[in-house]
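Just so you know, we're using numbering that gives the first Met the number 0 here: the sequence shown kicks off at 0 and counts up by one. What follows is a single structure, written as structure tokens, with notes after it.
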Amino acid sequence: MGSAGDGSGVTDRVINQILTEMDGIDAKKNVFIIGATNRPDIIDSAILRPGKEINLHITSRLDQLIYIPLSNDESRMAILKTSLRKSSVAKDVNMDYLTIVTEGFSGADLTKICQRACILATRESIEKKQQRIRSTTMDSDEPAPVPEIRRDHFDEAMKFARRSVSDKDISEYEIFATKLQRDFQGFPTE
Numbered sequence: 000m001g002s003a004g005d006g007s008g009v010t011d012r013v014i015n016q017i018l019t020e021m022d023g024i025d026a027k028k029n030v031f032i033i034g035a036t037n038r039p040d041i042i043d044s045a046i047l048r049p050g051k052e053i054n055l056h057i058t059s060r061l062d063q064l065i066y067i068p069l070s071n072d073e074s075r076m077a078i079l080k081t082s083l084r085k086s087s088v089a090k091d092v093n094m095d096y097l098t099i100v101t102e103g104f105s106g107a108d109l110t111k112i113c114q115r116a117c118i119l120a121t122r123e124s125i126e127k128k129q130q131r132i133r134s135t136t137m138d139s140d141e142p143a144p145v146p147e148i149r150r151d152h153f154d155e156a157m158k159f160a161r162r163s164v165s166d167k168d169i170s171e172y173e174i175f176a177t178k179l180q181r182d183f184q185g186f187p188t189e
């Protein structure tokens, strides 16, 4: 049960405690247990097996298992827009293009790209303000203009962007999802 190198059995104790708590939940209570992992290969099989019997009905510890793949174009666009919702984005930024070139990127990867572009725009704005202060008698307490994130900021941010989920990882997740669907009828087929 425990992970390799665990040694102390802490993982085993935590899993056993979770199972005990799950089995102790009364069926009449509306309790939902939600778990998420990016390491489905190390899910303890006891979590996936049926739990205790309630009124001659054996309940599954987890009634549904849902595989959520990486974002499609529409979802990536929504993630990018959400990440930038409080930022001023220049008209030269082509969000459709960003959506296309970020295929295979996770939500966290997309957020990091947006954050990096925002940091680049902010640094540039601060540098411009400092130059104006040095070249004039401008009051240093005057607020810097709100930085606008331009295409060149995204171009620079994309130079450092890396997918955190490899094609090999995706393949392993899909194999795992197929296996669970077959063995446990765990994923909805709709």
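Here a beta-carbon is modelled for each residue, glycine too, at the ideal position from N, C-alpha and C. Note that the structure is predicted; figures quoted are calculated from it, not measured.
Straight-line gap, residue i to residue j (C-alpha atoms, nearest Å)
{"i": "residue 93", "j": "residue 22", "result": "51 Å"}
{"i": "residue 57", "j": "residue 95", "result": "Note that residue 57 scores a pLDDT of 47, beneath 50, so its modelled location is shaky; the value from the coordinates is reported in the next line. Using only the alpha carbons, I get a separation of about 49 Å."}
{"i": "residue 18", "j": "residue 30", "result": "14 Å"}
{"i": "residue 36", "j": "residue 127", "result": "44 Å"}
{"i": "residue 101", "j": "residue 38", "result": "23 Å"}
{"i": "residue 86", "j": "residue 20", "result": "44 Å"}
{"i": "residue 164", "j": "residue 47", "result": "25 Å"}
{"i": "residue 89", "j": "residue 77", "result": "18 Å"}
{"i": "residue 8", "j": "residue 16", "result": "12 Å"}
{"i": "residue 129", "j": "residue 119", "result": "15 Å"}
{"i": "residue 157", "j": "residue 169", "result": "22 Å"}
{"i": "residue 42", "j": "residue 132", "result": "58 Å"}
{"i": "residue 121", "j": "residue 72", "result": "28 Å"}
{"i": "residue 91", "j": "residue 12", "result": "55 Å"}
{"i": "residue 84", "j": "residue 182", "result": "42 Å"}
{"i": "residue 105", "j": "residue 152", "result": "20 Å"}
{"i": "residue 123", "j": "residue 160", "result": "20 Å"}
{"i": "residue 179", "j": "residue 67", "result": "13 Å"}
One or two residues paired with residue i in a DSSP bridge
{"i": "residue 88", "result": "148"}
Supposed close pair residue i, residue j - CB separation, criterion 8 Å
{"i": "residue 45", "j": "residue 65", "result": "The Cβ separation is near 19 Å, so there is no contact."}
{"i": "residue 34", "j": "residue 69", "result": "Actually they are not in contact, since the Cβ atoms of residue 34 and residue 69 sit about 19 Å apart, beyond 8 Å."}
Residue burial classification, residue i (beta-carbon count within 10 angstroms, cutoff 16)
{"i": "residue 166", "result": "exposed"}
{"i": "residue 116", "result": "buried"}
{"i": "residue 135", "result": "exposed"}
{"i": "residue 98", "result": "buried"}
{"i": "residue 148", "result": "buried"}
{"i": "residue 146", "result": "buried"}
{"i": "residue 75", "result": "buried"}
Worksheet item: Does the stretch 165-180 come within contact of the stretch 110-124, defined as at least 3 CB pairs closer than 8 Å?
Response: no
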